[in-house]
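Positions in the sequence shown are counted from 1; adding 329 to them yields our numbering.
Backbone N, C-alpha and C define an ideal beta-carbon position, used for all residues, glycine too.
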Amino acid sequence: MRKFRKLYQALPFAAQRVRIKRWLAARSALLRRLVLAAQQDAARELEQAAHAPSDAPTVDDAMRVLSRPHAGGCGIGYVAQSLASLPAPTPVRLVAFYLPQFHPTAENDAWWGAGFTEWTLVARALPKVEGQAQPQLPGALGFYDLRQPDVLRAQARLARTHGVHGFCFYFYWFGGRRLLEQPLLDFLVDVGNDMPFCLCWANEPWSRRWDGRDDDVLIAQQHGAEDDGAFIDYVARYLRDARAIKVDGKPVLVVYRPSLLPDPKATAARWRTRCRELGIGEIHLAFTLAFDSFVPRDIGFDAAIEFPPNNVAARDITAQVKRLDPNFAGRVHDWRSLAAAPPMLPDDAGTLHRGVCPAWDNEARRTGRGRVFLHAAPRRYRDWLVAAMRDTLRRCANRESTLLFINAWNEWSEGAYLEPDARLGYAWLEATRAALQVVAASPNVAPSLRPSQRVCVVLHAFYPELLDEILLPLRTWGMPYRLLLSTVAASEKAVRQRIAALGMTAEIQVFENRGRDVLPFLQLASRLLDEGESLVLKLHTKRSLHRGDGETWRRDLLDKLVALDESECILQAFQAQSALGMVVPDGHWLSLRAYWGANAGNVQSLCRRMGIGEIDPDTAAFPAGSMFYARLEALRPLLDTSLELFEFEPETGQQDGTMAHAIERVLGLCVQTAGMRVTTSTALDEATPVVVRDYPFAARDGG
330 MRKFRKLYQA LPFAAQRVRI KRWLAARSAL LRRLVLAAQQ DAARELEQAA HAPSDAPTVD
390 DAMRVLSRPH AGGCGIGYVA QSLASLPAPT PVRLVAFYLP QFHPTAENDA WWGAGFTEWT
450 LVARALPKVE GQAQPQLPGA LGFYDLRQPD VLRAQARLAR THGVHGFCFY FYWFGGRRLL
510 EQPLLDFLVD VGNDMPFCLC WANEPWSRRW DGRDDDVLIA QQHGAEDDGA FIDYVARYLR
570 DARAIKVDGK PVLVVYRPSL LPDPKATAAR WRTRCRELGI GEIHLAFTLA FDSFVPRDIG
630 FDAAIEFPPN NVAARDITAQ VKRLDPNFAG RVHDWRSLAA APPMLPDDAG TLHRGVCPAW
690 DNEARRTGRG RVFLHAAPRR YRDWLVAAMR DTLRRCANRE STLLFINAWN EWSEGAYLEP
750 DARLGYAWLE ATRAALQVVA ASPNVAPSLR PSQRVCVVLH AFYPELLDEI LLPLRTWGMP
810 YRLLLSTVAA SEKAVRQRIA ALGMTAEIQV FENRGRDVLP FLQLASRLLD EGESLVLKLH
870 TKRSLHRGDG ETWRRDLLDK LVALDESECI LQAFQAQSAL GMVVPDGHWL SLRAYWGANA
930 GNVQSLCRRM GIGEIDPDTA AFPAGSMFYA RLEALRPLLD TSLELFEFEP ETGQQDGTMA
990 HAIERVLGLC VQTAGMRVTT STALDEATPV VVRDYPFAAR DGG
């Protein structure tokens, strides 16, 4: 079994050997056992794909699902926790919805099985469509149990450190019967936890919705005048708490679905009267726009809260995605359409608390029938949050009236969470903090794209003996630059010695020998983009040992990028032309069709995952040799796909057909998708650079 595991892990991905993969996948019971151990629930997908018609998912599609590491791996864009500071005070108060279902209860044991918690759902999820990041598993906080009060303390510290002002706890009340309340009761008496909070009464009946049986009610609601009084009398303890979130001095109370109340206006009046009688005073009564579309004043409420993705006409892309499970019966939407949607109520409709969601994918709750939102990314969430905060500041007279809600802090089975995860680390939280910093620095308008003041030279040094040839020209530059070197463990010592001998300063980072120069570059580029850098020069110690002219190829690329005159002209072009996204060495801008080769499937997959759909290789081009200048913003469509590291094959000397080769071929498409243009080093002012079809350093594909 161990030998077979090694054989499987080393299985090549070149197109000419795909038949071997298919033969093994279809016929080897031992391989099926191996993969089943990693993904126990996916055997059905393999069988369906193996016997599917030609237009259905193939065996390779099923194998891709089955071979996915079940525990989740790091993705490009993984962010470690930083020590960055927050603006004080933060310009807007961010409140995150909080789900308290991460501990076992007697009711859940009876309904769903002993020990059931939200984690039970989370751990079972599998990707059903291409680009779907499942399972989504926790990072630093782990599979926590809310019976331990220190968990909520740790969550509160983490939230406050990253700019989340408070939690909006879901509160489950059913005619006096309360569910999932123990963590909230523990919080009430925990004087060491100073996290501001409010309650959202989740006033729906509980049914077997996760099983697709909405009509099978587990606990019904008992809405009515008597229940109104009992409810407000009970939650008064929360409204009186010193940590209760207030708007203009009034504690906040949220109702999830006011339309389920027989007479929401009468309920609101009863609550207000009773709160005065109890000495609480006035309350700020709000409801979510999850299902309802009331104007707040029409039902006696003070405010409405946006609750994306609910009630937003998101773009449906179900027909455009590639299914990994032919039986998937859910819907797939473009998350980017959520961020682009206008406010859900006009200015004259009363107070609207804006809302955002970092992502959404409830496959874990509704297996095979979920709503999946593709193309969410931390930086895109950051931009949406910035826009929503600026709109909040426009609407509100003072900071005490500013509330903006995030859906959610920990809705793991709905794929909507800020907490650290295994794939991207602290990326969602760091994006939240970054958004607050942006708005504090520029509360009203977005800053214009600033000219490039320096170049970040990102050099992959696999062959340290070539460093002198590449770096010596940089010493003649008059322009400022920042030098970052990536290398592998075996070369680190030699790289550091050469940098020291050259008397140069460089940031050196060691990576696994995976993805050639491409994967380390993407990881560093993602980091530089978050750090606010704008321009990058990608280089590598290219040798191309499989070719006799590899030295000539490298020198031709370098001469057109790093020589003093060429580099100065290129930098001036970037400073003068805000739409310039990439500069490729002259003579190395190739027709994609002519060099399509074994990369066609991966290229089309990458394009779908970037959100640009199928592409025509006859009209596309790419930078051969993988050396170029680029504006980092122009690379965002690719960087924001958050490809996972395991998707890059282990190094076995492949000459083509790997993920790294496919990424090289989509770089030009990526820049154009970002709304920028590509040109060559000798055509800096030309909109349409010459595309090379007969390239001296590579044989045409013949397609």
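According to DSSP, what are the bridge partners of residue i?
i      : result
Gly404 : Glu973
Val685 : Ile735
Ser815 : His789, Gln838
Gly495 : Val424
Ile548 : Trp535
Glu740 : Ala745
Leu919 : Phe951, Val1021
Gly754 : Val408, Asp750
Pro467 : Asp750
Leu909 : Arg1006
Tyr810 : Val784
His432 : Answer is none; His432 lacks a bridge partner.
Trp530 : Phe500, Val584
Leu508 : Tyr501
Arg486 : Arg486 is not bridged to any residue.
Ala769 : Ala769 pairs with nothing; no bridge assigned.
Phe472 : Phe472 is not bridged to any residue.
How would you label residue i, buried or exposed, when you count the other beta carbons within 10 angstroms and need 16 or more for buried?
i      : result
Leu893 : exposed
Pro418 : exposed
Val824 : buried
Val520 : exposed
Pro855 : Residue 855 is actually Ser in this sequence, not Pro. Classification of Ser855: buried, given that the 10 Å Cβ count is 16 or more.
Gly699 : buried
Val518 : exposed
Ser771 : exposed
Ala790 : buried
Glu729 : exposed
Asn532 : buried
Leu514 : exposed
Glu740 : buried
Leu487 : buried
Phe516 : buried
Phe657 : buried
Phe472 : exposed
Would the C-beta of residue i count as close to the ligand HEM, meaning under 8 angstroms from any of its heavy atoms?
i      : result
His917 : Among the ligands in the structure shown, none appear at all, so the ligand HEM cannot be discussed.
Look at the Cβ atom of residue i, then the Cβ atom of residue j, and state whether they are nearer than 9 angstroms.
i       : j      : result
Ala908  : Met833 : no
Leu935  : Ile992 : yes
Ala751  : Gly402 : yes
Cys529  : Tyr567 : no
Ala835  : Leu814 : yes
Gln1001 : His990 : no
Leu1033 : Trp600 : Lying before the first or after the last residue shown, residue 1033 is absent from the chain, which here runs from 330 to 1032.
Leu321  : Ser971 : The first residue shown for the chain is 330 and the last is 1032, placing residue 321 beyond what the model contains.
Met524  : Phe496 : yes
Phe431  : Trp448 : yes
Leu848  : Val787 : no
Val408  : Ala737 : no
Leu466  : Gln511 : no
Ile548  : Leu508 : yes
Near residue i, which residues of its chain fall below 6 angstroms by C-beta distance, leaving aside the five closest residues on each side in sequence?
i       : result
Leu795  : Thr870
Leu667  : Pro637, Pro638, Val641, Ala643
Pro809  : Arg783
Ala693  : Leu450, Val451, Ala454, Ser742
Gly460  : Leu703, Arg938
Leu1013 : Ala902
Leaving aside the five residues before and after residue i along the sequence, list all residues of the same chain whose C-beta is less than 8 angstroms from its C-beta, in chain order.
i       : result
Asp438  : Gly444, Phe445
Ala1016 : Arg1006, Thr1008
Arg605  : Glu611
Arg811  : Arg783, Val784, Cys785, Val786, Glu836, Glu862
Spatial neighbours of residue i within its chain, please: C-beta separation below 7 angstroms, excluding the five flanking residues on both sides.
i      : result
Asn931 : Met988, Ala991
Ala294 : Any question about residue 294 goes unanswered here, given that the chain covers just 330 to 1032.
Ala706 : Asp969, Ser971
| request: Kindly provide the ranges of any alpha helix (DSSP H) runs that are 4 or more residues long and lie completely inside the stretch 851 to 905, ordered along the chain. | output: With a minimum length of 4 residues, the unbroken runs of alpha helix (DSSP H) contained wholly in the stretch 851 to 905 fall at 879 to 888, 893 to 905.
| request: Would you list, in sequence order, the uninterrupted beta strand (DSSP E) runs of no fewer than 3 residues that lie entirely inside the stretch 630 to 709? | output: Within the stretch 630 to 709, the complete beta strand (DSSP E) runs of at least 3 residues are 632 to 634, 660 to 663, 680 to 682, 700 to 703.
| Can you list, in chain order, the stretches of the beta strand (DSSP E) that have 3 or more residues and sit fully within the stretch 553 to 597? | DSSP runs (the beta strand (DSSP E)) wholly in the stretch 553 to 597: 579 to 584.
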